[in-house]
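The sequence shown maps to residues 1 to 219 in the UniProt record's numbering.
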Amino acid sequence: MEFDWSVIWPAMPALLEGAKMTLIISIIGLVGGLIIGLVAGFARAYGGWITNNIALVFIEIIRGTPIVVQVMFIYFALPMAFPDLRIDPFSAAVVTIMINSGAYIAEITRGAVLSINKGFREAGLALGLSSRETLRYVIMPLALRRMLPPLGNQWIVSIKDTSLFIVIGVAELTRQGQEIIAGNFRALEIWSAVAIIYLVITLVLSFVLRRVEKRVKIL
């Protein structure tokens, strides 16, 4: 089959609209995932036996199951268990990214917090800060800087994970490509365009994250 560039240009508006949806889902999902991850991460690092184990069970369940199973459970299974519950595809996708990324961010948070030298905590306490103030003003600023590279990687992973939401009909980039192919049967050109758009998004994001990392880098 000969590659026909002319097929791509008419498809670009729909593909770019899909890319926009992909970014919206990943951004909202990652913000929610960051909140979940920080709570679960601190529960793992500083919580008591109960909170530590609740967070651990959550993390292991989410990390031990595929994201496509998670989104299908949320979209298909939960409404069956709770008939009054109605979840649209977009909401199911966002919630899935929140929960999935939250489990991984929890471990990123725990690792970053525990990696800070105990001397910083001792210095904060020596200056008259309480344990909570030391955590807030000394430990967290240092930990957040160390969290930035893996958080950037998690964002890229979440962007690519949105392609799996094709199973529930979310109009993200992959779904848009599939619908276009159903109409023109030009799989080679359309899937090539979809792949290039994903690549551009991740390369631009990686470049921006590297610049940010250099500005906030600590020893």
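For glycine and all other residues, C-beta sits at the position ideal for the given N, C-alpha and C.
Tell whether a beta-carbon distance below 7 Å holds between Glu-189 and Ile-35.
When the beta-carbon positions are compared, Glu-189 and Ile-35 stay at least 7 Å from each other.
Kindly give me the distance between the Cβ atoms of Glu-17 and Gln-176, rounded to whole angstroms, as I take these residues to be in contact under 8 Å.
7 Å
At a cut of 8 Å, does the segment 201-211 reach the segment 148-167 through at least three beta carbon pairs?
yes
Could you give the distance in angstroms between the alpha-carbon of Pro-10 and the alpha-carbon of Ala-193?
For the pair Pro-10 and Ala-193, the Cα-to-Cα distance works out to about 12 Å.
Assign Ala-81 to one of three DSSP states: helix, strand, or coil.
helix
Here's a check: name, in chain order, each residue in its chain whose Cβ is nearer than 8 Å to the Cβ of Leu-219, leaving out the five neighbours to either side.
Note that Leu-219 scores 47 on pLDDT, short of 50, meaning its location in the model is unreliable and no value can be drawn from it.
What residues in its chain sit with their C-beta under 7 Å from that of Ile-59, if we drop five residues either side in the sequence?
Ala-40, Ala-103, Ala-106 and Glu-107
Per the contact definition of three or more C-beta pairs closer than 8 Å, is the segment 108-128 in contact with the segment 138-157?
yes
Would you tell me roughly how many angstroms separate the C-alpha atoms of Ala-182 and Ala-195, rounded to the nearest one?
17 Å
Go ahead and pull the three-state DSSP assignment for Leu-219.
With a pLDDT of 47 at Leu-219, under the threshold of 50, the modelled position of this residue cannot be trusted, and the question is left open.
Counted within 10 angstroms of its Cβ, other Cβ atoms place Ala-55 as buried (16 or more) or exposed:
buried
For Glu-2, the first and last residue of its enclosing alpha helix (DSSP H):
Per DSSP, Glu-2 belongs to no alpha helix (DSSP H) and is neither H nor E.
Ala-171 by DSSP, collapsed to three states: which one?
coil
Residue interval of the alpha helix (DSSP H) (run including Tyr-46)
8-46
Quick one: residues in its chain with C-beta nearer than 8 Å to the C-beta of Glu-213, no 5 flanking neighbours on either side, listed in chain order?
Leu-148, Pro-149 and Gly-152
In angstroms, rounded to a whole number, what distance separates the CA positions of Gly-33 and Ile-97?
7 Å
So does the segment 164-173 actually touch the segment 66-74, counting three or more Cβ pairs closer than 8 Å?
yes
Using DSSP with H/G/I as helix, E/B as strand and the rest coil, what is Gly-111?
Reduced to three states, the DSSP call for Gly-111 is helix.
The segment 79-96 contacting the segment 125-133, beta-carbon criterion three pairs below 8 Å:
At 8 Å Cβ cutoff, the stretches do not touch.
Keeping to the same chain, check which residues put their C-beta closer than 6 Å to that of Gly-169; ignore five residues upstream and five downstream.
Only Pro-89 meet the Cβ criterion.
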